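> Residue numbers (our numbering), protein chains in the order written: chain Y, 5 to 341; chain B, 732 to 1103.
All C-beta atoms, glycine included, are put in the ideal place defined by N, C-alpha and C.
The structure displayed is predicted, hence computed values, not measured ones.
Structure provided below as structure tokens; questions to follow.
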Amino acid sequence: MVTTPLLPSDYLDLVSPLRAGADLRGRIEAVHPETGDAATIVIRPGRGWRGHTAGQYVRIGVDVDGVRLWRAYSITSPTNRQDGRVTITVKAIPDGKVSNHLVCRAKPGTLIQLDQPTGDFVLPQAMPAKVLYLTAGSGITPVMGMLRDIEFDDVVMVHCAPQPQDVIFRNELHDLVADKKLRLTEVHTDTDGMLDIARLDALVPDWAERETWACGPAGLLDAAEEHWTEHGVQERLHTERFRPSVVVAGDGGGEVTFSATGKTVDADGATPLLDIGEEAGVLMPSGCRMGICFGCITPLKAGAVRDLRTGEITEAEPGVLIQTCVSAAAGPCDIER
Amino acid sequence: MTAIDPTAHLTAEQIEELGRELDAIRDEVIASRGEKDSAYIRKVISAQRKLELVSRGVLLFSIFPPAWLLGTAGLSVAKIMDNMEIGHNVLHGQWDWMRDPKIHSTTWEWDHVSPSDQWKHSHNELHHTYTNVIGKDNDLGYGIMRVDEDQKWHPFHLGQPLWNFLNACFFEYGIAAYDLELGKNLHKRRRKNPEFRARAKAVGRKIRKQVLKDYVIHPLLSGPSFLTTLAATFTANLVRNIWSHSVIMCGHFPEGVQVFERRSIKGETRGQWYLRQMMGSANISGSKAMHFMTGNLSHQIEHHLFPDLPSNRYAEVAVKVRALFEKYELEYVTGPLPKQVFSAWRKVFRLSLPNKKPKVKTPDREQELVAA
Chain Y
5 MVTTPLLPSD
15 YLDLVSPLRA
25 GADLRGRIEA
35 VHPETGDAAT
45 IVIRPGRGWR
55 GHTAGQYVRI
65 GVDVDGVRLW
75 RAYSITSPTN
85 RQDGRVTITV
95 KAIPDGKVSN
105 HLVCRAKPGT
115 LIQLDQPTGD
125 FVLPQAMPAK
135 VLYLTAGSGI
145 TPVMGMLRDI
155 EFDDVVMVHC
165 APQPQDVIFR
175 NELHDLVADK
185 KLRLTEVHTD
195 TDGMLDIARL
205 DALVPDWAER
215 ETWACGPAGL
225 LDAAEEHWTE
235 HGVQERLHTE
245 RFRPSVVVAG
255 DGGGEVTFSA
265 TGKTVDADGA
275 TPLLDIGEEA
285 GVLMPSGCRM
295 GICFGCITPL
305 KAGAVRDLRT
315 GEITEAEPGV
325 LIQTCVSAAA
335 GPCDIER
Chain B
732 MTAIDPTAHL
742 TAEQIEELGR
752 ELDAIRDEVI
762 ASRGEKDSAY
772 IRKVISAQRK
782 LELVSRGVLL
792 FSIFPPAWLL
802 GTAGLSVAKI
812 MDNMEIGHNV
822 LHGQWDWMRD
832 PKIHSTTWEW
842 DHVSPSDQWK
852 HSHNELHHTY
862 TNVIGKDNDL
872 GYGIMRVDED
882 QKWHPFHLGQ
892 PLWNFLNACF
902 FEYGIAAYDL
912 ELGKNLHKRR
922 RKNPEFRARA
932 KAVGRKIRKQ
942 VLKDYVIHPL
952 LSGPSFLTTL
962 AATFTANLVR
972 NIWSHSVIMC
982 GHFPEGVQVF
992 ERRSIKGETR
1002 GQWYLRQMMG
1012 SANISGSKAM
1022 HFMTGNLSHQ
1032 IEHHLFPDLP
1042 SNRYAEVAVK
1052 VRALFEKYEL
1062 EYVTGPLPKQ
1072 VFSAWRKVFR
1082 LSLPNKKPKV
1092 KTPDREQELV
1102 AA
């Protein structure tokens, strides 16, 4: 009542944005280059941070050229870090607005928005005896979080990168190898070519007995899933995808109404409703933009939408929530934003 | 309306060309919106909040005259900043592109008795679309005054200098009543309309909260300074009301501003819409501080052309817009604040009396377009 029409927190945010009870935020404390196009960002999370499990990711909201953009990144720091900081390691991808901003332009002292860590690409309660990490490119990041967190007796890692200097965390990995805590095979795809999954028999003869965590491009993960299934050991394989695999070239489309904002726009059947809404100036929540984090879920009030990954149609019913980042209009629809 | 249509010399093609040139100015600003702009609005919001807190803090000791003066001045400025440079512009969606839910037209609420969603409807949708169209734009005299010779005279208008003065003093209530369309909705039949009742209730809630904060809680917290703080918050609201009323009067009422007939906007093209905004608005010239305190509504012409561009960019846009006025030989109505306020008030007095209906015809561009 004292602060109407604002809330007391609007004033407290001016002096203490990381306090307990505030919207979860973090402050960038340092940016350490890792390779030519990757960097580790050290973040001091706000008091409300609940802590993560090794392998999980966090959604962060960063202001790039004044525009708040949300992305999901794997946490690379161990869970027991003394100073309570967390790190994410980001590889700049071509045309990636957020990744390039974080790697090249992020400055210590900057406030960012955070979400609680989430994700089920994690280690099980019962420790497996033998572990295989199969990674490529920035797919190493969630696995690095695991490697730093828990030591296993028998760990093998197969990691793919174009060239030796592109291997993120290379020195640290080689230190682990020197300490006999890790057996590592680097596949340099510029010279060796893409990893043929059949080569795994030669590289890691007992791969089928190992609990495996795999993270990398869709091609590698698809091949791995097929391979593990073929040998009947698919329950030992855990994967994490950084990109959605879109199978449906959309048809249909229609008029999309954002009823809370009162905007109506035409949408084709291939463009995610998240993009359509953002383009129209609607305040759309967003996250990974690939259908995994559920940061963008929004009620579908009327009409139907198509899941761009599976082609599945979802029709409006009370309580139906859709992931706007992987859903396109399948005819006229009404999105409650 | 002046006896001669000041846009009569333009052909239909010229008007469309003018529209394209204005579109280009708009695109340029949109393409260059960035971190500097977002830093600007965040700085203004942060400064406003700090100023309000400090001023209200000082007013806890308002029993001492210097504290009263300082606190009242600070609170007046803070309220003006909240309504003008921040509230009005955020609610226009000028900062929506930042995608910050805390600074967004759909979530913002301001220090004003009219709830933001009702104001957005009457202001953004009606006034900005039908600017200066008689019978469509209620901002033309707010339904209580005649501000153009073409508006019908009624004996009620004899009192309009007084109505205008009262409206200035209690402007935020005037706006709330206006957003509710009280004049129209208080008729017996409409009073019971559930939609109207819901909106009236929302206004009632907002008024209660605002009054409680300014006239009960803050004075009570001041203890022995109860009465002086009460006087201070009342004064700050009065200052804010008179200031914003004056600025807004200067936007469309000074001499030289055109009004339009309902008929003239039928089938209006983008170029013609731009032209109407250009001829229907007036600027205020002055220092940077003055522009800031008016919420950059001193760049009313630019604001009406591009209502959703960030306010901090209107000054640079104005240079280009003014050049277009010269190129197309149109009158750019502007002047210092006292002159424009005087001009608007003179009109309010003059038109409180009936006048002969001027014989004017706006050129029928619809036909011209067909011919072209």
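Just confirm the distance between the C-beta atoms of Thr738(B) and Leu1061(B), as a whole number of angstroms; I'd bet it's less than 8 Å.
7 Å
> Are the stretch 803-822 of chain B and the stretch 767-786 of chain B in contact at 8 Å, needing three or more beta carbon pairs?
yes
> Alpha carbon to alpha carbon, how far is Gln1003(B) from Glu986(B)?
In a straight line, the C-alpha of Gln1003(B) is about 21 Å away from that of Glu986(B).
> Give a yes or no on whether the minimum CB-CB distance between Gly70(Y) and chain B is below 8 Å.
Taking CB atoms only, Gly70(Y) has a neighbour in chain B less than 8 Å away.
> Given a cut-off of 8 Å, decide if Val162(Y) and Val208(Y) are closer than it, judged by their beta-carbon atoms.
Val162(Y) is positioned such that its CB atom lies closer than 8 Å to that of Val208(Y).
> Go ahead and pull the three-state DSSP assignment for Ser763(B).
Helix, per DSSP.
> For Gly115(Y), decide whether its Cβ has a neighbour in chain B, counting only Cβ atoms nearer than 8 Å.
The sequence given here has Leu at residue 115(Y), not Gly. Not closer than 8 Å to any Cβ of chain B, the Cβ of Leu115(Y) fails to qualify, so no.
> With a threshold of 16 other CB atoms inside 10 Å of the CB of Phe991(B), please say whether the residue is buried or exposed.
buried
> Could you give the residue range of the beta strand (DSSP E) that holds Ala274(Y)?
No beta strand (DSSP E) contains Ala274(Y), which DSSP labels as neither H nor E.
> Do you know how far the Cα of Gly291(Y) is from the Cα of Asn855(B)?
31 Å
> Shorter than 8 Å from the beta carbon of Trp850(B) to some beta carbon of chain Y?
Chain Y contact via Cβ: absent.
> Can you name the residues of chain Y whose CB is closer than 9 Å to the CB of Leu911(B)?
Simply none; closest approach about 18 Å.
> Indicate the three-state DSSP secondary structure (helix, strand or coil) for Lys1087(B) in the structure shown.
Note: Lys1087(B) maps to coil in three-state DSSP.
> In this structure, how does DSSP classify Arg48(Y) when only helix, strand and coil are distinguished?
strand
> According to DSSP, is Thr268(Y) part of a helix, a strand, or is it coil?
strand
> Are any of the Cβ atoms in chain Y nearer than 8 Å to that of Trp841(B)?
yes
> Nearest by alpha-carbon distance to Ile301(Y): which of Val269(Y), Ile317(Y), Ile339(Y), Gly307(Y) is it?
Ile339(Y)
> When the distance is taken between beta carbons, is Ser1029(B) closer than 8 Å to His1022(B)?
yes
> Looking at C-alpha atoms only, which residue of Gly141(Y), Pro146(Y), Ala212(Y) is the closest neighbour of Asp124(Y)?
Pro146(Y)
> Across which residues does DSSP place Val864(B) in a beta bridge pair?
Phe991(B)
> Determine which residues of the stretch 5-25 of chain Y have a Cβ less than 9 Å from any Cβ of chain B, and write them out in chain order.
Met5, Val6, Thr7, Thr8, Pro9, Leu10, Asp14, Tyr15, Asp17, Leu18
> Specify the secondary structure class of Leu188(Y) as computed by DSSP and reduced to three states.
strand
> Pair every Cβ in the stretch 992-1001 of chain B with every Cβ in the stretch 827-842 of chain B, then say whether three or more of these pairs are closer than 8 Å.
Fewer than three pairs of CB atoms, one per stretch, sit closer than 8 Å, so the stretch 992-1001 of chain B makes no contact with the stretch 827-842 of chain B.
> How would you list, in chain order, the residues of chain Y whose beta-carbon sits under 9 Å from the beta-carbon of His835(B)?
Leu287
> CB Val934(B) to CB Asn1014(B), shorter than 8 Å?
no
> Would the beta-carbon of Trp850(B) fall within 8 Å of that of Leu822(B)?
yes
> So the candidates are Lys883(B), Ile973(B), Ser793(B); which of them puts its Cα closest to the Cα of Met815(B)?
Ile973(B)
> What residues in its chain sit with their C-beta under 6 Å from that of Asp158(Y), if we drop five residues either side in the sequence?
Lys134
> What are the boundary residues of the beta strand (DSSP E) that includes Arg971(B)?
Element bounds for Arg971(B): not the beta strand (DSSP E) but the alpha helix (DSSP H), 957-983.
> Would Ala26(Y) and Leu16(Y) be called neighbours here (beta carbons separated by less than 8 Å)?
yes
> Whose Cβ in chain Y lies nearer than 8 Å to the Cβ of Trp828(B)?
Chain-order list of chain Y residues neighbouring Trp828(B): Gly70, Val71, Gly285, by C-beta distance under 8 Å.
> Which runs of the alpha helix (DSSP H) at least 4 residues long sit entirely within the stretch 735-817 of chain B? Give them in chain order.
743-763, 766-790, 796-812
> Can you tell me which of the three DSSP states Ala253(Y) falls into?
Summary for Ala253(Y): the model assigns pLDDT 49, below 50, so the residue's position carries little reliability, and this model does not support an answer.
> Taking just the CA atoms, how far does Ser1074(B) sit from Ser793(B)?
Answer to the nearest angstrom: the Cα atoms are 37 Å apart.
> What residues of chain B sit near Arg265(Y), judged by a beta carbon separation below 8 Å?
Correcting the residue type first, residue 265(Y) is Thr in the shown sequence and not Arg. Simply Thr837.
> Residues of chain Y with CB closer than 7 Å to the CB of Ser817(B), please, in chain order.
In the sequence as displayed, the identity of residue 817(B) is Ile instead of Ser. Within 7 Å Cβ-Cβ: nothing; Ile817(B) doesn't reach chain Y, min ~11 Å.
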